[in-house]
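The sequence shown maps to residues 42 to 430 in my numbering. Backbone N, C-alpha and C define an ideal beta-carbon position, used for all residues, glycine too. Below is one structure, written out as structure tokens; the observations come after it.
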Amino acid sequence: MTATLVDRIGELVTNEPGGAEPLGIRRDVALVAVDGRVAWIGPAGSAPACDTHVDAGGRAVIPGFVDSHTHLVFAGDRSGEFAARMAGEPYTGGGIRRTVATTRAAPDTELAANLAYLQRELVRQGTTTFECKSGYGLDVEQEARQLRAARTVTPETTFLGAHVVPAEYEGRADEYVELVCGPMLDACAPHARWVDAFCERGAFDADQCRAVLTAGARRGLLPRLHGNQLGPGPGVALALELGAASVDHCTYLSDADVDGLSTSDTVATLLPGVEFSTRSPYPPARRLLDAGATVAIATDCNPGSSFTSSMAFCLALAVREMRLTPAEALWSATAGGAAALRRDDVGTLTTGARADLVVLDAPTYLHLAYRPGVPLVHTVVSGGEIAYR
Ligand code: NIG
Ligand code: FE
Numbered sequence: 042m043t044a045t046l047v048d049r050i051g052e053l054v055t056n057e058p059g060g061a062e063p064l065g066i067r068r069d070v071a072l073v074a075v076d077g078r079v080a081w082i083g084p085a086g087s088a089p090a091c092d093t094h095v096d097a098g099g100r101a102v103i104p105g106f107v108d109s110h111t112h113l114v115f116a117g118d119r120s121g122e123f124a125a126r127m128a129g130e131p132y133t134g135g136g137i138r139r140t141v142a143t144t145r146a147a148p149d150t151e152l153a154a155n156l157a158y159l160q161r162e163l164v165r166q167g168t169t170t171f172e173c174k175s176g177y178g179l180d181v182e183q184e185a186r187q188l189r190a191a192r193t194v195t196p197e198t199t200f201l202g203a204h205v206v207p208a209e210y211e212g213r214a215d216e217y218v219e220l221v222c223g224p225m226l227d228a229c230a231p232h233a234r235w236v237d238a239f240c241e242r243g244a245f246d247a248d249q250c251r252a253v254l255t256a257g258a259r260r261g262l263l264p265r266l267h268g269n270q271l272g273p274g275p276g277v278a279l280a281l282e283l284g285a286a287s288v289d290h291c292t293y294l295s296d297a298d299v300d301g302l303s304t305s306d307t308v309a310t311l312l313p314g315v316e317f318s319t320r321s322p323y324p325p326a327r328r329l330l331d332a333g334a335t336v337a338i339a340t341d342c343n344p345g346s347s348f349t350s351s352m353a354f355c356l357a358l359a360v361r362e363m364r365l366t367p368a369e370a371l372w373s374a375t376a377g378g379a380a381a382l383r384r385d386d387v388g389t390l391t392t393g394a395r396a397d398l399v400v401l402d403a404p405t406y407l408h409l410a411y412r413p414g415v416p417l418v419h420t421v422v423s424g425g426e427i428a429y430r
């Protein structure tokens, strides 16, 4: 048995439901983790003795961020594309094929090194759970290779063979979808928990995405979907029809989309790093929240539309640009992400939850949005162990 004590916590965000305010804040407490789980929270000074000690020194402690949407398995760089966008070029998703070409050409060692680098970046910024998609391979062998790599860094792996139609299938999208639904899924399903597709003009239509998600479900994968990113479309409706855990982007929503999300347990995952990096309008987060939808915030970390691994940055954007309150934004970046991954063991700091937490170099979580761009991560504990300090 290993036990870790985090004491002198000035402000503890628990996200415990049912309290007077959504973050379940407790003050002047200590927390004990035993064998990776939260075992005790109580008044500082009455905690049992432990092998490992983290002195929070009066700082704020929050649940580790849950980044429910990333594309970390890739090689190459598209900073030139970003510069062109800042000079007025639109984002179309056309650069995805460029990353597919550089990723296919990269040896396993290069992909693994890139992935390890990004994983370290995430952890240092307070992310303790993250999802990771394939989608830059787009053939049977390469997609399976991407997922084998992803699986070494997270259990939350997502098969995204239906990201775009690869160049060699240009004009033959339905044939490519058959490949995805058959041999590609056969090779990839053993390495994935989730199945995803990019439902958008220029990528795949609703029927093609439905075929991919239902074929994935037949192999035991759980559905999630990219939808309504570049314009209004059928993505949200399809996600609701299939009972997807989450529909991600949600930048262009109809009233029916908002209504549907407000009465379902499909999470609306917002990715404001994308709007920042593509100079697009931000999603209508207030409409979603005011209607009662569950909202998650994630980075979408990828080399094209949003090359940030910082949940704190996305949280600050959510507050400043989408008018979430700082409390709503922190909940969405922790408990919201957990809901989007259908996880009840992360995103909260209550007895029995995984002991995944961040000691902030700040007296209150409000500083996450109040001090944008400032590295506020003091210590990261993951599964009860110090992961960064
Ligand atoms: O979630 N929208 C589709 N896919 C990614 C972008 C991938 C890329 O541009 O390389 C996204 O934004
Ligand atoms: Fe994405």
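Could you tell me if the beta carbon of residue i falls within a distance shorter than 7 Å of some heavy atom in the ligand FE?
i	result
N343	yes
D289	yes
H408	no
H232	no
L94	According to the sequence provided, residue 94 is His. The question's Leu does not apply to it. It does not: the Cβ of H94 is nowhere closer than 7 Å to a heavy atom of the ligand FE.
H267	yes
H112	yes
So residue i and residue j are in contact, right, with Cβ under 8 Å, and what is the actual spacing, rounded?
i	j	result
V75	A88	That pair is no contact at about 12 Å.
L3	T55	As displayed, the chain neither begins before 42 nor continues past 430, which places residue 3 out of reach and without an answer.
T470	G425	Absent from the structure is residue 470, since the part of the chain shown begins at 42 and ends at 430.
V315	S346	5 Å
Q249	A297	22 Å between Cβ atoms; not a contact.
T292	P264	About 20 Å separates the two Cβ atoms, so there is no contact after all.
L64	L371	7 Å
L156	V194	6 Å
C222	S175	About 15 Å separates the two Cβ atoms, so there is no contact after all.
G388	P104	6 Å
Note down, in chain order, each residue of its chain lying with its Cβ closer than 7 Å to the Cβ of residue i, except the 5 sequence neighbours on either side.
i	result
R100	G51, V400, L401, D402, A403, P404, H419
D386	A394, R395
A153	A190
L163	D108, F171, S350
V205	G134, I137, R138, F239, A244
L417	A353, L401, D402, A403, H408, L409
Where does the unbroken alpha helix (DSSP H) through residue i begin, and where does it stop?
i	result
E172	Segment 168-174 is the beta strand (DSSP E) holding E172; no alpha helix (DSSP H) there.
E216	214-220
T310	Not the alpha helix (DSSP H): T310 falls in the beta strand (DSSP E), residues 308-311.
S120	120-127
Y177	Element bounds for Y177: n/a, residue is neither H nor E.
D149	149-165
E362	352-363
T195	Careful: T195 lies outside any alpha helix (DSSP H) and carries neither H nor E.
V253	247-259
Grab me the residues of residue i's own chain with a C-beta within less than 6 Å of its C-beta, minus the 5 sequence neighbours each way, in chain order.
i	result
V308	S287, T335, A337, A380, A381
T93	T45
F115	T140, T144, Y177, P344
A128	none
G136	R119, E122, G345
L409	A353, L356
T224	Residue 224 is actually Pro in this sequence, not Thr. So the list reads V181, once near-sequence residues are dropped.
L271	E241
V236	F200, L254, G257, L262, P264
L283	L254, P264
A285	P264, R265, L266, T307
Q183	R145
W81	V73
R430	T420
G117	T140, T143
Does at least one heavy atom of the ligand NIG sit under 7 Å from the Cβ of residue i?
i	result
V315	yes
T140	yes
S346	yes
T137	Residue identity check: residue 137 is Ile in the sequence provided, not Thr. Result yes, Cβ under 7 Å from the ligand NIG.
Q249	no
Q270	yes
F239	yes
G276	no
G178	no
G134	yes
Between which two residues does the beta strand (DSSP E) containing residue i stretch?
i	result
F106	106-108
V399	398-401
D300	Taken as a continuous stretch (DSSP letters only), D300 belongs to no beta strand (DSSP E), being part of the alpha helix (DSSP H) at 296-303.
C291	Segment: none, C291 is in no beta strand (DSSP E) and carries neither H nor E.
T405	Where T405 is concerned, there is no enclosing beta strand (DSSP E), given that its DSSP letter is neither H nor E.
G51	44-54
V95	93-96
Tell me, please, which residues DSSP counts as bridged to residue i.
i	result
C342	T111
W81	V73
F239	H267
To which residues of the same chain is residue i closer than 8 Å at the C-beta, ignoring the five residues directly before and after it?
i	result
P196	R234
V299	P325, R328, L329, A332, A334
R126	Y132, S318, T319, R320
R186	D149, L152, G178
V360	T366, P367, A370, A410
May I ask you to check if the CB of residue i is nearer than 7 Å to at least one heavy atom of the ligand SAM?
i	result
H419	This structure simply doesn't include the ligand SAM; it includes the ligand NIG and the ligand FE instead.
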